[in-house]
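Written out below as structure tokens is the structure these notes cover.
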Amino acid sequence: MTSLPSGPDGTGPAPIHLWFCPNEDLAPGIAATLASYWLDEQEQEVADGFLFERDRSQYLIAHALVRRVLALETGIPEAEAVIWRSSRGRPFLQLPSGGLPRGADMLDFNLSHARAYNLLGVSREHRIGVDVERMDRGDRGLENIITTFCAEEQDWIARAAPGRSRDRRVLRLWTLKEAYSKARGLGLALPFDSFAFTLAEDEGVLSFQPPADDSAERWRFLEVEPVPEVLAAVAVEVAGPHPPAVHLHHGFPWGRAAPRRLVLPELVGASRRGR
Ligand SMILES: CC(C)(COP(=O)(O)OP(=O)(O)OC[C@H]1O[C@@H](n2cnc3c(N)ncnc32)[C@H](O)[C@@H]1OP(=O)(O)O)[C@@H](O)C(=O)NCCC(=O)NCCS
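So for the sequence shown, the numbering used here puts the first residue at 1272; every next one is plus one.
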């Protein structure tokens, strides 16, 4: 995996790396072994606290993925990365006093997991938030989610045929909202009706009305369906006119398979919320 800047002239912004990892890529026994070497005390404590083995296993896989990818990206060995959490629980990599071994003076990452799938976004220059959701949510219905959205988003959802089309609209909005609020480190503390997305029919954000304390111009959004029926969204705070490329990797990073290259699209109708 390359971690050098890769803009058009070789000096542009470093690409964003997305790692989509199904749990089945890392057998539970191997995940447990890796985690016993790599996870810090606090992570081990969280893992030990799960009631159900499947939740513990999910946590170990996700956090082995985080440490492996951070090691690839920064050169800091998996067990030596110091990860701290903000007061709202957002994890950050602590920068070593001499900077990152492979250069760059910042690195942001964000993790999401949805029953057997993990998505990790890593950026060397930009704040990033990611979210992944499965279309088959078992008995976890979507009605409660819809009530948290803005009126215009609820109207857009209501215009879709009940069933799959409707659920898809709900989850597209949900993943985008989570990705944005996670990029900002606010999580569910940010009311989901304080900002709104207008979406294209199949894929893509047409416009974004940010919360009162933010501006739309700073953000780019990407929707991805890494495997059928699994929806993901990425929010990136882009400073400057040149957005980074996006490299989508599939699977646990054992090898060096070439990523899929994606583009961070521009908002078609970016607008400020006038209040
Ligand atoms: C962030 C949040 C929206 C995640 O919701 P979710 O859909 O259940 O979970 P996802 O799988 O998409 O993401 C979970 C991951 O997001 C990251 N995360 C946690 N809090 C976050 C925050 N405030 N901002 C961004 N990312 C966060 C973590 O890596 C977490 O996984 P981990 O606990 O295994 O490390 C939700 O947990 C939240 O609002 N948390 C904040 C709660 C808070 O304010 N706590 C204060 C006391 S700690």
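Note that the Cβ used here is the ideal one computed from N, Cα and C, for glycine as well.
Not a single heavy atom of ligand 1 lies less than 6 angstroms from the C-beta of Arg1395. Remark: the shortest separation between the CB of Ala1460 and any heavy atom of ligand 1 falls under 6 angstroms. Counting only the Cα atoms, Pro1512 lies some 43 angstroms from Ala1303. With contact defined as three or more Cβ pairs closer than 8 angstroms, the segment 1518-1533 and the segment 1424-1441 are not in contact. Linking Leu1305 to Asp1326 through their CA atoms gives a straight-line distance of about 17 angstroms. In this structure, Trp1290 keeps its C-beta atom at 7 angstroms or more from the C-beta atom of Ala1350. Ser1394 has its alpha-carbon roughly 21 angstroms from the corresponding atom of Glu1404. In the structure shown, the three-state DSSP call for Gln1425 is helix. By the Cβ rule, the segment 1443-1461 counts as touching the segment 1494-1512, because three or more pairs are nearer than 8 angstroms.
Within the segment 1422-1490, the complete beta strand (DSSP E) runs of at least 3 residues fall at 1467-1470, 1476-1480.
Here Ala1350 is not bridged, per DSSP, to any residue. Apart from sequence neighbours up to five positions away, the residues of its chain that approach Gly1392 with a beta-carbon distance below 7 angstroms are Ile1287, Leu1289, Phe1380, Asn1381, Ile1399, Val1401, Val1505, ordered along the chain. Beta-carbon to beta-carbon, Leu1322 and Thr1345 are separated by about 34 angstroms, too far to satisfy the 8 angstroms threshold. For Pro1299, the enclosing alpha helix (DSSP H) begins and ends at 1299-1309. A direct Cα-Cα distance of roughly 42 angstroms separates Ala1510 from Gly1300.
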